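A quick write-up on the structure given underneath.
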Ligand SMILES: Nc1ncnc2c1ncn2[C@@H]1O[C@H](COP(=O)(O)OP(=O)(O)O)[C@@H](O)[C@H]1O
Ligand SMILES: [Mg+2]
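In the working numbering, the protein residues as written are 2 to 244.
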């Protein structure tokens, strides 16, 4: 079934530079509809750069990025949000001085929802994250780290994305919250039917919940395949799973 699913996102030979310094070298990868695909790799490998270039925050200097069959290589990020690509950046960037509810409403900024549609979307997020409902009038800056991460994700879901990209969602969270976070990502994929691209240094967790994975090293894809196969590979175990 997985092999017949249509490709929603495809990168072909993508090169990205910061000034004179090349960060990505000919990245080729694809994500099929309804998949969870992870990108694993050490610090500095180029994982965030890959997501920033897909989401239009940092332009690719070579190659092509296709979304639903359309060339989006030169598209701006606000256009890509409208097309259904949401990027949840590292570091749970919420608006600290705004309430939980206002943060969520900001997530619907690119959509022309009626008041009724907006409320329905809020209720959807509160069903997924009941703790956000209890805290809806509270300032986002006063939430715990885990709650802020949930809010950042819920805000992304407000615009009904087709593809959601998570950048290190487990970073800095307590172990019990990390498990909850990965469960949530699986539910977003299975129940909401949102395709997921996941970047994680926690390679074990990423491989556990994803269908397929790419291994990025120094801006180059070093390996790829079914996550279960990668988890069995001696090289991957040694380099990323602690032996
Ligand atoms: N804003 C930037 N300016 C210059 N170099 C950068 C910038 N952001 C990232 N880099 C460099 O690009 C490479 C990839 O970084 P990044 O994509 O953040 O890796 P990862 O997310 O895998 O840790 C690194 O060598 C990093 O130093
Ligand atoms: Mg990063």
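Every residue gets a Cβ at the ideal spot worked out from N, C-alpha and C, and that includes glycine. Just so you know, these numbers come straight off a predicted model, no measurement behind them.
(request) Could you tell me if the beta carbon of residue 200 falls within a distance shorter than 8 Å of some heavy atom in ligand 2? (result) On the chain shown, residue 200 is found 199 positions in, with the first residue counted as 1. Yes, the beta carbon of residue 200 sits closer than 8 Å to at least one heavy atom of ligand 2.
(request) Flag residue 218 as yes when its Cβ comes closer than 8 Å to any non-hydrogen atom of ligand 2, and as no otherwise. (result) The residue you call residue 218 lines up with position 217 of the chain shown. Not under cutoff, so the answer is no.
(request) Kindly identify the DSSP beta-bridge partner or partners of residue 175. (result) Numbered from 1 along the chain shown, position 174 holds the residue referred to as residue 175. Paired residues: none, contrary to the question.
(message) If the criterion is Cβ atoms closer than 9 Å, does the pair residue 65 and residue 8 meet it?
(response) Within the chain shown, residue 65 is the residue found at index 64, counting from 1. Within the chain shown, residue 8 is the residue found at index 7, counting from 1. Not a contact, by the Cβ cut-off of 9 Å.
(request) Quick one: using the 10 Å Cβ neighbour count with 16 as the cut-off for buried, is residue 192 buried or exposed? (result) Numbered from its first residue, the chain shown carries residue 192 at position 191. With fewer than 16 Cβ atoms within 10 Å of its Cβ, residue 192 is classed as exposed.
(message) Please report the distance separating the alpha-carbon of residue 23 from that of residue 179.
(response) Taking the first residue of the chain shown as 1, we reach residue 23 at position 22. Taking the first residue of the chain shown as 1, we reach residue 179 at position 178. Going by the C-alpha atoms only, they are around 33 Å apart.
(request) Give every residue of the same chain whose Cβ lies closer than 7 Å to the Cβ of residue 19, excluding the five residues on either side of it in the sequence, and list them in chain order. (result) Position 18 of the chain shown, counting from 1, holds the residue named residue 19. Contacts found: none.
(request) State the Cα-Cα distance for the pair residue 123 and residue 161, rounded to the nearest angstrom. (result) Taking the first residue of the chain shown as position 1, residue 123 is located at position 122. Taking the first residue of the chain shown as position 1, residue 161 is located at position 160. Taking the straight line joining both Cα atoms gives about 11 Å.
(request) Determine contact between the segment 90 to 98 and the segment 134 to 153, defined as no fewer than three beta-carbon pairs at a distance below 8 Å. (result) yes
(message) Please return the same chain residues whose Cβ sits closer than 7 Å to the Cβ of residue 42, not counting the five positions on each side in sequence.
(response) In the chain shown, counting from the first residue as 1, residue 42 sits at position 41. Only 48, 216, 217 and 218 meet the Cβ criterion.
(request) Can you say whether residue 2 is buried or exposed, counting buried as having 16 or more other CB atoms within 10 angstroms of its CB? (result) Indexing the chain shown from 1 puts residue 2 at position 1. Since pLDDT at residue 2 reaches only 49, below the 50 mark, its modelled position is unreliable, and no value is offered.
(message) Less than 9 Å between the beta carbons of residue 126 and residue 140, yes or no?
(response) For the purposes of this step, residue 126 is taken as residue 125 along the chain shown, with counting starting at 1. For the purposes of this step, residue 140 is taken as residue 139 along the chain shown, with counting starting at 1. Going by C-beta atoms, residue 126 is not nearer than 9 Å to residue 140.
(request) Please work out which residues of its chain come closer than 7 Å, Cβ to Cβ, to residue 230, disregarding the five sequence neighbours upstream and downstream, and give them in chain order. (result) The sequence position of residue 230 within the chain shown is 229, counting from 1. There are no such residues.
(message) Just list the residues that DSSP pairs residue 32 with in beta bridges.
(response) As a working mapping, residue 32 is identified with position 31 in the chain shown. Partner(s): 10.
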